[in-house]
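Have a look at the structure below before the remarks.
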Amino acid sequence: MTGCRSALASLCAAALLLAAAPASALEKVTLQLKHVHQFQFAGYYAARELGYYREAGLDVRILEGLDGNAPERDVIAGKAEYGTGSSSLLLARMAGKPVVVLGVIFQHSPYALAMRQTGGDPDIRRLIGKRAMIGSLSDDLGNADELLAYLTKEGVPPSSFQRVEHSFNPDDLINGKVDAMAIYTTNEPDTLDRLGFPYDIYSPRAVGIDFYGDNLFTTEQELINHPERVKAFRAASMRGWQWAMSHQEEAVDMILSKYSRRSDRQHLLYEAHQMVPLVQPVLVEIGYMNPERWQHIAEVYAGLGMMDRRARFDGFVYQADGARPGFSLVWLYRALAGVGLLLVLGAAIHFSQLARERKRALETIRHGEQRFRTMFEASPLGIALIDSITYEYRDINARYQEILGRSQHELRALRWLEVGHPDDVVAIKAQMALLTTQQISSFKALSRLFRPDGSVAWIDVSVNAIAPEAGSHPHHLCMIEDVTAKKQSETLIWQQANFDTLTQLPNRRMFLDRLAHDMLKSQRAQSRIALLFIDLDHFKEVNDTLGHQQGDVLLVDAARRIGACVRKSDTVARLGGDEFTVILTELESGEQVERIAQDILNRLLQPFDLGEEQAFVSASIGITLYPDDALDIDDLLKHADQAMYAAKGAGRNRYSYFTPTLQVAALNRMRLTNDLRGALKGEQFALYFQPIVHLQSGAIHKAEALIRWNHPQRGLVSPLEFIPLAESSGLIVDIGEWVFRESARWVRRWRQQVYGDFQISLNQSPAEFQREGQSYQGWLQHLQSLALPGQSLVVEITEGLLLDASQAVSNRLLQLRDAGIQVALDDFGTGYSSLSYLKKFDIDYLKIDRSFTRNLAPESSDMALSEAIIVMAHKLDLKVIAEGVETPEQRDLLAAAGCDYGQGYLFAKPLPAEQFDAFLRDNAMSTADAIVKSN
2 MTGCRSALAS LCAAALLLAA APASALEKVT LQLKHVHQFQ FAGYYAAREL GYYREAGLDV
62 RILEGLDGNA PERDVIAGKA EYGTGSSSLL LARMAGKPVV VLGVIFQHSP YALAMRQTGG
122 DPDIRRLIGK RAMIGSLSDD LGNADELLAY LTKEGVPPSS FQRVEHSFNP DDLINGKVDA
182 MAIYTTNEPD TLDRLGFPYD IYSPRAVGID FYGDNLFTTE QELINHPERV KAFRAASMRG
242 WQWAMSHQEE AVDMILSKYS RRSDRQHLLY EAHQMVPLVQ PVLVEIGYMN PERWQHIAEV
302 YAGLGMMDRR ARFDGFVYQA DGARPGFSLV WLYRALAGVG LLLVLGAAIH FSQLARERKR
362 ALETIRHGEQ RFRTMFEASP LGIALIDSIT YEYRDINARY QEILGRSQHE LRALRWLEVG
422 HPDDVVAIKA QMALLTTQQI SSFKALSRLF RPDGSVAWID VSVNAIAPEA GSHPHHLCMI
482 EDVTAKKQSE TLIWQQANFD TLTQLPNRRM FLDRLAHDML KSQRAQSRIA LLFIDLDHFK
542 EVNDTLGHQQ GDVLLVDAAR RIGACVRKSD TVARLGGDEF TVILTELESG EQVERIAQDI
602 LNRLLQPFDL GEEQAFVSAS IGITLYPDDA LDIDDLLKHA DQAMYAAKGA GRNRYSYFTP
662 TLQVAALNRM RLTNDLRGAL KGEQFALYFQ PIVHLQSGAI HKAEALIRWN HPQRGLVSPL
722 EFIPLAESSG LIVDIGEWVF RESARWVRRW RQQVYGDFQI SLNQSPAEFQ REGQSYQGWL
782 QHLQSLALPG QSLVVEITEG LLLDASQAVS NRLLQLRDAG IQVALDDFGT GYSSLSYLKK
842 FDIDYLKIDR SFTRNLAPES SDMALSEAII VMAHKLDLKV IAEGVETPEQ RDLLAAAGCD
902 YGQGYLFAKP LPAEQFDAFL RDNAMSTADA IVKSN
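Residue numbers (our numbering): 2 to 936.
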């Protein structure tokens with residue numbers, strides 16, 4: 002008996018020593034994360050930085066993961082004792098890998114698929130035949146089991162689309178490198194929203210695939226060899242998570258200061274807020290696992306052929322109460338010691354222990370209720386408990402009241418959804434029907450609600466079913482977040498991306514989208530569409546004269562006038578500058594198009610009131626029809642543009658229909674422009690000269706330089722054909738420079754060898770003369786290098802340049818005068834009535850247009866006008882040159898009227914430079930002979 006007592010005493014002593022052993026040095030363990038440092042792992046950082054792991058006797062190293070890695074491989078290989086993983090851990094277990102899940106952090110998975118919005122209703126089947134970044138391709142599932150299960154269930158099996166290695170870079174989706182990408186709803190949407198990228202999200206939860214998200218796991222070996230360490234690590238981790246979810250801003254600061262600055266504070270807070278409905282810290286204890294939920298996940302996997310239906314996962318879910326897989330001698334010794342101790346002390350403390358346990362249980366319940374209430378009231382989300390049958394409020398936190406703008410008393414007098422937008426309420430009630438019949442366990446929605454002040458709030462709604470107690474109504478937990486500011490920002494970004502900021506009309510992007518939509522409708526209905534391309538005539542003059550601000554006022558009014566001519570079903574858009582388009586749909590007749598086009602012309606012809614000024618413009622309209630003229634958008638736009646230019650060419654203030662002839666002409670212009678680009682390098686240009694004859698003496702001391710293009714295939718191309726192309730393409734500058742240098746070369750020769758005062762006239766087009774930055778400094782330097790005075794050149798400009806001339810035009814004329822270069826006014830008398838510019842500017846020559854000289858006859862009106870021009874010019878000390886002199890009678894009449902010079906086929910047609918050289922020398926000799934004879 003004494004021996005038994007001695008043995009029992011020794012056993013009890015061993016047990017007490019075991020229980021009271023002092024803590025040894027901290028045990029080093031490693032936690033392998035599945036991704037880079039972010040709020041997704043905030044609880045583990047909190048447990049480490051706040052000392053929870055140290056209190057548990059642990060020195061924890063936290064390793065961030067590379068995107069796409071599988072932590073279970075490192076944990077099984079012994080590189081880490083613990084890891085974070087998705088629900089695919091179950092597949093790993095079924096594949097024979099000894100993983101054990103210790104706790105669930107995300108009650109719902111954040112995994113989803115993002116696809117670019119196309120304007121139609123969201124449809125996941127759009128992925129068929131497209132490219133998608135879903136997980137890594139380095140293993141069979143590529144961490145994509147959940148999405149692949151969802152897609153397969155939706156009729157989009159992996160074989161129906163192309164899987165691309167996940168780059169974890171949203172730019173690949175934005176730039177069109179892929180059509181869809183797997184995302185975390187807590188992460189990538191923030192990036193896409195900031196960039197204003199339109200996208201749709203497809204979640205597996207929509208079809209009942211509701212997997213767990215992030216899970217904490219270890220291995221069977223760790224659990225068998227270190228059960229207390231596992232228990233301590235799990236408890237400290239969950240404690241860290243509880244702190245992180247209730248101290249989100251402090252947790253974000255911790256991440257930024259201790260772990261990573263890859264993401265900014267705004268993004269980390271976004272991630273934290275998005276995690277709340279997924280972690281559900283108010284509804285369930287963090288770490289809680291439901292074996293039936295794992296069974297549901299297993300059934301989904303089995304239904305999709307990812308695992309055997311008969312497979313069992315005993316030992317996969319960690320049991321915190323001690324029911325663990327495996328067996329060891331350490332466990333046996335500790336159990337025996339505990340049993341011995343209980344045999345000695347059990348009877349004495351039995352009733353006392355029961356009392357303490359009861360008290361502890363009550364305290365735990367009270368503590369849990371207090372914790373729940375604290376988190377409920379402090380939550381950044383609005384939370385309400387609602388009767389699923391009557392829609393009555395049962396409990397409401399402060400944030401919910403704040404978002405709705407109503408007190409708890411006011412809300413309890415209402416039914417849930419009573420202040421919601423009718424359109425949104427219909428959709429939410431449809432989801433509620435599925436929830437109450439247990440077809441789904443939760444759903445999310447974007448909804449609008451009306452506040453008491455009449456304003457509309459946009460809210461993200463998350464609804465979760467709560468299992469009813471016996472004999473009571475089912476309830477649901479409604480969590481809301483105010484996203485009004487975000488929605489307003491999205492609306493602003495969308496508005497800026499699709500509408501012209503000045504006129505508020507659809508811009509080019511929206512116009513193209515609507516045109517494509519209307520073409521599709523037209524095709525289905527077998528109807529016609531008219532596309533009108535409108536360009537405002539003379540808008541540039543208004544803009545340059547009155548300023549851009551007044552020009553903008555005119556554009557806004559023009560947009561309003563055009564819009565007043567069409568129906569609401571039609572589209573008016575501004576493509577940019579002074580260009581507008583109109584899409585006319587559901588046409589009944591051609592007369593309808595013409596009536597609208599004429600109405601637009603009439604309205605735009607009315608004066609525009611611009612403050613103290615009035616402006617007048619007109620419009621040129623090109624019209625093309627679908628499907629008559631083209632079957633795609635590019636051709637329709639091109640044809641409408643061609644028709645618009647035809648209207649401009651016909652005199653402006655009119656409309657013109659597209660015809661195939663216009664297309665042929667446009668192709669010819671395009672080809673000719675392309676050929677024109679190589680004409681200078683190919684030395685295809687030649688300079689011709691036409692003499693300007695002194696009518697009294699017949700002497701030739703002047704000539705006009707005229708460019709000719711000797712096309713290698715087409716022969717000589719008329720300047721009337723290629724000069725407008727050179728102006729519109731900008732080639733006129735280089736061509737004008739070539740004409741100047743060639744003219745300078747020849748005038749130097751003739752001044753040295755024939756007449757010392759010889760002059761050459763150069764034509765400058767308005768586009769060339771008005772070019773921004775235009776300066777004659779280069780010309781003057783070149784003339785100086787050739788020892789030529791400015792008087793050796795005359796610059797010919799049209800009188801249209803001088804009517805309301807800008808300061809830049811005035812400055813260039815002054816520069817010519819100061820350099821001694823004379824100025825001739827070409828085509829005088831053709832359309833402009835104001836003659837004040839003749840007095841205002843230094844002009845040396847007036848050139849009477851050939852339209853006056855063509856029909857000269859004694860006592861004719863043309864003769865009277867010519868005489869008037871000559872007299873007026875001489876009064877202003879200007880010389881007069883008559884163009885188009887073709888008969889001796891015209892020459893004699895002009896000479897009799899006092900005209901100074903004549904130019905035309907009577908004297909000579911334009912001649913190549915070498916021929917003109919011989920012609921000039923002959924004329925010089927003839928003139929000299931005549932002088933000798935007269936003497």
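Every residue gets a Cβ at the ideal spot worked out from N, C-alpha and C, and that includes glycine.
Three-state secondary structure assigned by DSSP to Y777 = Coil.
Can you tell me which of L450, I736, I882 and R510 puts its alpha carbon nearest to the alpha carbon of V484?
-> Among L450, I736, I882 and R510, the Cα nearest to that of V484 belongs to L450.
Where A21 falls, given that 16 or more other Cβ within 10 Å makes a residue buried | For A21, the predicted model reports a pLDDT of 38, less than 50, meaning its position is unreliable and no value from the coordinates is stated.
Would you identify the three-state DSSP class for Y112, choosing helix, strand or coil?
-> Here Y112 sits in strand by DSSP.
Measuring CA to CA, which of I870, A150 and N188 is closest to P171?
-> Cα-wise, what sits closest to P171 is N188.
Is the beta carbon of Q108 sitting closer than 8 Å to the one on Q296?
-> Between Q108 and Q296, the CB-CB gap reaches or exceeds 8 Å.
First through last residue of the alpha helix (DSSP H) which encompasses L495 | It should be noted that the sequence gives Trp, not Leu, for residue 495. Taken as a continuous stretch (DSSP letters only), the alpha helix (DSSP H) holding W495 covers T485 to N499.
Nearest to Q527 (by Cα), restricted to the options A700, M276, L632 and D558 | Put simply, of A700, M276, L632 and D558 the residue whose alpha carbon is nearest the alpha carbon of Q527 is L632.
Nearest candidate by alpha-carbon position, reference D553, set T502, L532, I530 and S570 | Ranked by Cα distance from D553, the first of T502, L532, I530 and S570 is T502.
Measuring CB to CB, does P99 end up less than 8 Å from T220?
-> Going by C-beta atoms, P99 is nearer than 8 Å to T220.
Should the region 77-86 be regarded as contacting the region 210-229, the criterion being three or more beta carbon pairs within less than 8 Å?
-> They touch, by the three-pair rule.
D140 in three-state terms, based on DSSP = Caution is warranted here: a pLDDT of 49 is assigned to D140, below 50, making its placement in the model unreliable, and the coordinate value is therefore given only provisionally. If DSSP states are grouped into helix, strand and coil, D140 belongs with coil.
Taking D827 as part of the beta strand (DSSP E), name the residues at either end of that continuous run.
-> That run of the beta strand (DSSP E) goes Q823 to F829.
Does the pairing of the region 507-526 with the region 570-586 give three or more beta-carbon distances under 8 Å?
-> Yes, since at least three Cβ pairs between the region 507-526 and the region 570-586 fall closer than 8 Å, the two stretches touch.
Taking the DSSP output, what are the residues bridged to V573?
-> Beta-bridge annotation (DSSP): V573 is paired with V583.
Roughly how far, in whole angstroms, is the beta-carbon of A616 from the beta-carbon of L556, given that I think they are within contact range, below 8 Å?
-> Contact flag wrong, Cβ pair sits at about 11 Å.
Cα separation between S160 and K131?
-> Those two C-alpha atoms are separated by around 11 Å.
My guess is that S762 and V795 are in contact by the Cβ rule of under 8 Å, so how many angstroms apart are they, rounded?
-> About 4 Å; that satisfies the 8 Å criterion.
Assess, as a yes-or-no matter, whether the region 230-246 is touched by the region 47-56 under the definition of 3 or more beta carbon pairs within less than 8 Å.
-> Touching, yes.
My understanding is that M307 touches L92, with C-beta atoms under 8 Å, so please give their C-beta distance in whole angstroms.
-> Their Cβ separation, rounded to whole angstroms, is 6 Å, which keeps M307 and L92 in contact under 8 Å.
Counting only runs of 4+ residues fully inside the region 244-305, write out the alpha helix (DSSP H) ranges in chain order.
-> Runs found: 249-259, 266-280 and 292-304.
For R239, name the three-state secondary structure that DSSP assigns.
-> Per the sequence presented here, residue 239 reads as Met, with Arg not at that position. For M239, the three-state secondary structure derived from DSSP is helix.
State buried or exposed for Y906, treating a residue as buried only when at least 16 other CB atoms are found within 10 Å of its CB.
-> Under this definition Y906 is an exposed residue.
How big is the Cα-Cα spacing for S862 and E868?
-> The straight-line gap from Cα to Cα measures roughly 10 Å.
Identity of the residues DSSP links to N711 by a beta bridge = The secondary-structure analysis by DSSP pairs N711 across a beta bridge with L717.
For N924, does the three-state DSSP call read helix, strand or coil?
-> Helix.
Which of the three DSSP states, helix, strand or coil, is assigned to A385?
-> Strand.
Supposed close pair A647, T625 - CB separation, criterion 8 Å | At roughly 11 Å, the Cβ-Cβ gap does not stay under 8 Å, so A647 and T625 are not in contact.
For W459, write down the residues that DSSP places opposite it in a beta bridge.
-> In the DSSP secondary-structure assignment, W459 is bridged to R449.
S852 lies in the alpha helix (DSSP H); which residues open and close that run?
-> R851 to T854 is the extent of the alpha helix (DSSP H) around S852.
Distance, L279 Cα to K487 Cα | So the two alpha carbons sit approximately 20 Å from each other.
With 16 other Cβ atoms within 10 Å as the buried cut-off, status of R750 = Exposed, since its Cβ has fewer than 16 Cβ neighbours within 10 Å.
Going by DSSP, what residues sit across from A479 in a beta bridge?
-> Contrary to the premise, residue 479 reads as Cys rather than Ala in this sequence. In the DSSP output, where bridge partners are listed per residue, C479 has A385 and V464.
Inter-residue spacing [alpha-carbon to alpha-carbon] between K232 and E393 | A direct Cα-to-Cα measurement between K232 and E393 gives close to 42 Å.
Opposite E28 in the DSSP bridges: which residues?
-> As computed with DSSP, E28 is found in a beta bridge with L59.
For L532, which beta-bridge partners are listed by DSSP?
-> Answer is I584 and T625.
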